[in-house]
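In this note's numbering, the protein residues as written are 1 to 223.
Cβ atoms here follow ideal geometry from the backbone N, Cα and C, with glycine treated the same way.
As the structure is a computational prediction, the values presented were derived from the model and not from experiment.
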Amino acid sequence: MDIEPRFLTKRRVMRKIHFDENNDDEENVINAEAQAAEEESFRVKYFLVMIDVAIASLTKRFEDLKSFESIFGFLFNSEKLKSLDDKELRECCTKFSNTYSHVSSSDVNLDDFCSELRVLQMTLPNRLMSADEIFDFVRAADCYQNVSIAYRILLTVTVTVASAERSFSKLKLLKNYLRSTMSQERLNGLVMCCIEKDMLDNIDLDTIISDFASKNARRCRFS
Numbered sequence: 001m002d003i004e005p006r007f008l009t010k011r012r013v014m015r016k017i018h019f020d021e022n023n024d025d026e027e028n029v030i031n032a033e034a035q036a037a038e039e040e041s042f043r044v045k046y047f048l049v050m051i052d053v054a055i056a057s058l059t060k061r062f063e064d065l066k067s068f069e070s071i072f073g074f075l076f077n078s079e080k081l082k083s084l085d086d087k088e089l090r091e092c093c094t095k096f097s098n099t100y101s102h103v104s105s106s107d108v109n110l111d112d113f114c115s116e117l118r119v120l121q122m123t124l125p126n127r128l129m130s131a132d133e134i135f136d137f138v139r140a141a142d143c144y145q146n147v148s149i150a151y152r153i154l155l156t157v158t159v160t161v162a163s164a165e166r167s168f169s170k171l172k173l174l175k176n177y178l179r180s181t182m183s184q185e186r187l188n189g190l191v192m193c194c195i196e197k198d199m200l201d202n203i204d205l206d207t208i209i210s211d212f213a214s215k216n217a218r219r220c221r222f223s
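So this is what it looks like as C-alpha cells:
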C-alpha cells in the first residue's frame with residue numbers, strides 16, 4: 001500500500017555525561033535494538049495475525065465456491081448444459097439429487113430431472129444464456145417442474161455473506177441514535193425497502209397509499 005511504517009520511540013532518558021565518557025555508540029545500539037524489537041512485535045502480534053486471518057477467510061471462501069460449483073456448475077449457463085452428454089448429465093443430476101433431495105413439498109425426481117434437462121438441451125436457443133435467462137425460459141414454458149426447482153435453489157443459495165453484510169450496512173443507516181425507539185416491525189419494513197430499492201422503484205406508491213388510506217380511514221358519525 002506504499003505506506004511507510006513508523007514506530008513511536010520512547011523518550012530518550014538523558015543523563016549527565018562526564019568529560020571523560022563517550023557513549024554515543026552505546027546509545028545508538030540501544031535505540032536500534034529498541035526499534036527492531038518494536039518492529040518485530042508489530043510483525044508478530046498484528047501483521048502476521050491479519051495475514052493469517054485473510055488467508056483463512058479467502059481459503060474458506062474459495063472452498064465454498066468450489067463446493068457450490070461442483071453441485072450447480074452444469075446449470076450456470078446454456079453452454080455448460082449443452083456440452084454434457086447423457087452420462088455426464090446423469091452424474092451431475094445424481095449429485096444434485098443426493099445433496100438436495102428434500103427441498104419442498106414435492107421432491108426432485110432424479111429420472112424426471114434428467115429427462116427434463118435432455119429436453120431442455122434441445123429446446124434452448126442457440127445463444128449463450130445465463131442462469132437467470134434459463135430460469136425465465138423454464139418458467140415461461142411451464143413444463144419443467146424439477147428443473148424449475150433446481151434453478152430456484154441455485155438462485156437463492158447464499159454462497160457468501162455479502163447479503164448479510166449489506167443488510168447490516170443498511171441497518172447502520174436506519175437504526176441511528178435518533179431512531180433508537182423504532183419498533184422491530186417498522187425497522188424490518190424500512191430495511192426491506194432499502195435493500196429491495198430496485199423493486200420498490202417500479203411500484204406505484206399512489207395506489208398503495210390510496211389503498212392504505214381507504215382501509216384506515218376513520219368513519220365517525222357526528223350527530
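Taking residue i as part of the alpha helix (DSSP H), name the residues at either end of that continuous run.
i: residue 203; result: First-last for residue 203: undefined, no H or E at that position.
i: residue 43; result: Careful: residue 43 lies outside any alpha helix (DSSP H) and carries neither H nor E.
i: residue 146; result: 145-156
i: residue 117; result: 110-123
i: residue 98; result: 86-99
i: residue 52; result: 48-72
i: residue 188; result: 184-195
Using the rule of at least 16 other Cβ atoms within 10 Å of the residue's Cβ for burial, across every protein chain shown, is residue i buried or exposed?
i: residue 46; result: exposed
i: residue 78; result: buried
i: residue 134; result: buried
i: residue 92; result: buried
i: residue 108; result: buried
i: residue 72; result: buried
i: residue 154; result: buried
i: residue 140; result: exposed
i: residue 49; result: exposed
i: residue 62; result: exposed
i: residue 209; result: exposed
i: residue 149; result: buried
Per DSSP, which residues does residue i bridge with? Please list them.
i: residue 241; result: Within the shown structure, residues of the chain are numbered from 1 to 223, placing residue 241 beyond reach of any answer.
Looking only at its own chain, which residues have a Cβ that is under 7 Å from the Cβ of residue i, when we skip the five neighbours before and after it?
i: residue 112; result: 146
i: residue 214; result: none
i: residue 105; result: Model confidence at residue 105 stands at a pLDDT of 42, short of 50, so the residue's coordinates are unreliable; what they give is reported in the following sentence. So the list is empty, once near-sequence residues are dropped.
i: residue 171; result: 191
i: residue 144; result: 116, 120 and 138
i: residue 100; result: 108 and 153
i: residue 97; result: 108, 110 and 113
i: residue 131; result: 75, 76, 77, 151, 154 and 155
Kindly say whether residue i, judged by its beta-carbon, lies nearer than 7 Å to any beta-carbon of chain C.
i: residue 79; result: You won't find chain C in this structure, because it holds only one protein chain.
Who are the Cβ neighbours of residue i in its own chain at under 8 Å, not counting the five residues just before and after it?
i: residue 81; result: 74, 75, 117, 120, 121, 124 and 134
i: residue 193; result: 200
i: residue 40; result: none
i: residue 129; result: 77, 78 and 137
i: residue 127; result: 78
i: residue 207; result: none
i: residue 175; result: 182 and 187
Please list, in chain order, all residues of the same chain as residue i whose beta carbon is under 6 Å from its beta carbon, the five residues on each side excluded.
i: residue 86; result: none
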